[in-house]
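Below is one structure, written out as structure tokens; comments come after it.
Number of protein chains: 2
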Amino acid sequence: MSQAFPSTADQTASRQGASGAAVPGQTAAFSPLYQQIKGLILRSLQAGEWKPGEAIPSEVDLATRFHVSQGTVRKAIDELAAENLVMRRQGKGTFVATHAEQHVQYRFLKLVPDNGDVNSEGPAQREIIDCKRLRASADVARALQLRTGDAVLQARRVLSFAGKPTILEDLWLPGGPFKGLTAERLTHYHGPMYALFETEFGVRMVRAEEKIRAVLPDAAQSALLKVGCDTPLLSVERIAYTYNDTPMELRRGLYLTDTHHYRNELN
Amino acid sequence: MSQAFPSTADQTASRQGASGAAVPGQTAAFSPLYQQIKGLILRSLQAGEWKPGEAIPSEVDLATRFHVSQGTVRKAIDELAAENLVMRRQGKGTFVATHAEQHVQYRFLKLVPDNGDVNSEGPAQREIIDCKRLRASADVARALQLRTGDAVLQARRVLSFAGKPTILEDLWLPGGPFKGLTAERLTHYHGPMYALFETEFGVRMVRAEEKIRAVLPDAAQSALLKVGCDTPLLSVERIAYTYNDTPMELRRGLYLTDTHHYRNELN
DNA sequence: CAGTGGTCTAGACCACTGG
DNA sequence: CAGTGGTCTAGACCACTGC
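Protein chains in written order, with the numbering used here: chain A, 1 to 267; chain B, 1 to 267.
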């Protein structure tokens, strides 16, 4: 009895007592109740039942809805909070996480000024170099789990700090979910790009993976960053995922690291 | 009543009921019971009451010892487990984390082969270039929270994969805790360096911070890595900490990234 | 003051390990 | 089988927020 929750929402949770009655020759994957609840809440988040920034129902409400104790709902939400999918605020409620908040802006950008103070340099200046639709090359298609030749959107931009070009980014988005995204829209939006993705296209980036290398720029790249072709740069390839481990963005960044560095914490 | 646990171990935990009786003009920092328990367990870990790899007392034992419920101990241990200070194993117990285990070896090394399979290339070949005692320069002293001129131990080594030099590391250790460490010992030890630190010097690295840049090697560096002076390399400066946020190692690595990359996961 | 998340408890039962 | 961590519950109370 590991298929405890069929598709409809309001349903009583099933305890998995009879472990002997499982499929023979196969280990019945044990999934605790709170994991199932977590899955249900996840499904609602995914379906957009609650929008980014909004509060989700209180723990007692959810406990009633799912016919479990508050403690079980609590443990489910604990895990969602640990994965940054929701934010708990004591006395107020639990809120769907968003990239559009001041203190979590640029959650995925690990480049910081050498003095360590992200606030010391003010907001980045952004310049969209171009933005066009094209057909996915083999490697882009693979990264985004599309087929070669599928429609994708490509953009290139430069970020500058204190007037100095520091980051050159190329990014690719699947054509379907991001239909209607234009250079205009990108240029005039103020705030993190991922916030725009949320509000305009309903795409929430939930986690990302980065592959980092040291490279030398080609002629076009060095011109845009205004450095010599012999200046070593960080190459940061990022794949960002929505719910369900679905890749939704490929980003290739070149970071200038003379006044900034990529900061990472290891646990 | 936020100073609930004085220095002796076996003591009854105090509830913090009377919040009105706090120091006037100052917010009484509320610290929940499980945090205090966590602090006590942490203190025992730090004091070496249980060695790396050993089991700590069971939850019920600890609950008895601290005069709290098992649930409270559980929450304390949950946090310690989340910080990788202990490892829980259902049915067996809770164990002090160690760097000397197969599946968590090289916990702090994020460089992986491009095919992503860490096991495909076999163990790294290690060569100690040198290892000597000297006086801390200003920047090394600052990183290790020592005074300029204090005794430090410096080592340099090259790691090779499939015979190809890939990582050049310089590292600095505080002279006091690592008294007696020699090039001999480093050369003949098989296993992660951090495991040696645990077993031989009782120093457990708990977390680390890295600053990453792209650089070009100098003549000596390029010779050791057998690459040209125009080959861009990842510069990875790591500070590793023991308990209490005490820095215990400064490491400056140069990573060759033509067949490997630095892998990072963002949440 | 009511409503929210956060803490703490005591007890029952389950899943896993090893002797 | 006993001992461990893991789940789930019901209930009490605390801390914080906003009305």
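In this text, a Cβ means the ideal position worked out from N, Cα and C, and glycines have one as well.
- Straight across, the Cα-Cα distance linking Pro177 of chain B with Arg263 of chain A is about 27 angstroms.
- Chain B places a beta carbon closer than 8 angstroms to that of Glu210 of chain A, counting this residue as a contact.
- In this structure, Leu62 of chain A places its C-beta atom within 8 angstroms of the C-beta atom of Val73 of chain A.
- In this structure, the beta-carbon distance from His260 of chain A to Thr148 of chain A does not fall below 8 angstroms.
- Classified as exposed, Gln145 of chain A has fewer than 16 neighbouring CB atoms from the shown chains inside 10 Å of its CB.
- As for any alpha helix (DSSP H) of minimum length 4 sitting wholly inside the stretch 105-158 of chain B, the runs are 138-143, ordered along the chain.
- Residue pairing for Trp172 of chain B: DSSP places it in a beta bridge opposite B:Gln154, B:Leu250.
- In the three-state reduction of the DSSP assignment, Gly71 of chain A falls in the helix class, which pools H, G and I.
- Close to chain A, meaning a Cβ-Cβ distance shorter than 7 angstroms, are the following residues of the stretch 196-222 of chain B: Arg207, Ala208, Glu209, Glu210, Lys211, Ile212, Arg213, Ala214, Val215, Leu216.
- The beta-carbon separation of Leu134 of chain B and Gln154 of chain B, rounded to 6 angstroms, stays under the 8 angstroms limit for a contact.
- Between Thr257 of chain A and chain B, the shortest Cβ-Cβ separation is below 8 angstroms.
- Sixteen is the threshold: when 16 or more other Cβ atoms of the shown chains lie within 10 Å of the Cβ of Lys110 of chain A, as they do, the residue is buried.
- The C-alpha of Lys51 of chain A is placed about 15 angstroms away from the C-alpha of Arg88 of chain A.
- The alpha-carbon separation between Gly91 of chain B and Gly163 of chain B amounts to approximately 43 angstroms.
- For Met205 of chain A, the secondary structure class from DSSP, reduced to helix, strand or coil, is coil.
- Remark: C-beta atoms of Tyr255 of chain A and Pro247 of chain A do not approach each other more closely than 8 angstroms.
- With a cutoff of 8 angstroms on beta-carbon distance, Arg252 of chain B and Asp170 of chain B are scored as near each other.
- Taking a 10 Å sphere around the C-beta of Cys229 of chain B, we find fewer than 16 other C-beta atoms and assign the residue as exposed.
- For Thr187 of chain A, the enclosing alpha helix (DSSP H) begins and ends at 183-188.
- The residues Leu159, Ser160, Phe161, in chain order, have a CB closer than 7 angstroms to that of Ala124 of chain B in the same chain once the five nearest residues on each side in sequence are set aside.
- Exposure of Gln102 of chain A is indicated by the presence of fewer than 16 other C-beta atoms within 10 angstroms of its C-beta.
- Against chain B, the CB of Leu33 of chain A has no partner CB under 8 angstroms away; the residue lies outside that interface.
- With a cutoff of 8 angstroms on beta-carbon distance, Lys211 of chain A and Glu249 of chain A are scored as not near each other.
- Assigned with DSSP and collapsed to three states, Glu210 of chain A falls in strand.
- Under the Cβ distance rule, Arg126 of chain A does not count among the residues neighbouring chain B, no pair being separated by less than 8 angstroms.
- In this structure, DSSP gives Leu256 of chain A a state outside helix and strand, which the three-state scheme calls coil.
- At least 8 angstroms separates the CB of Asp130 of chain B from every CB of chain A.
- Tyr34 of chain B is not bridged by DSSP to any residue.
- Within chain B, the residues Lys211, Ile212, Arg213 have their CB atoms less than 7 angstroms from the CB of His261 of chain A, given in chain order.
- Closest in C-alpha terms to Ile129 of chain A, from the list A:Leu33, A:Leu234, A:Ala183, comes A:Ala183.
- In this structure, DSSP gives Asn264 of chain B an extended state, which the three-state scheme calls strand.
- The three-state reading of DSSP puts Glu54 of chain A in coil, since its state is none of H, G, I, E or B.
- Per DSSP, Ala63 of chain A is one residue of the alpha helix (DSSP H) stretching across 59-66.
- The beta carbon of Thr257 of chain B sits closer than 6 angstroms to the beta carbons of Leu234 from its chain, once the five residues preceding and following it are set aside; these are given in chain order.
- A direct Cα-to-Cα measurement between Leu186 of chain A and Phe197 of chain A gives close to 10 angstroms.
- Cβ-Cβ distances below 7 angstroms link Ala141 of chain B to Arg147, Thr148, Asp150 in the same chain, with the five nearest sequence neighbours on each side left out; the list follows chain order.
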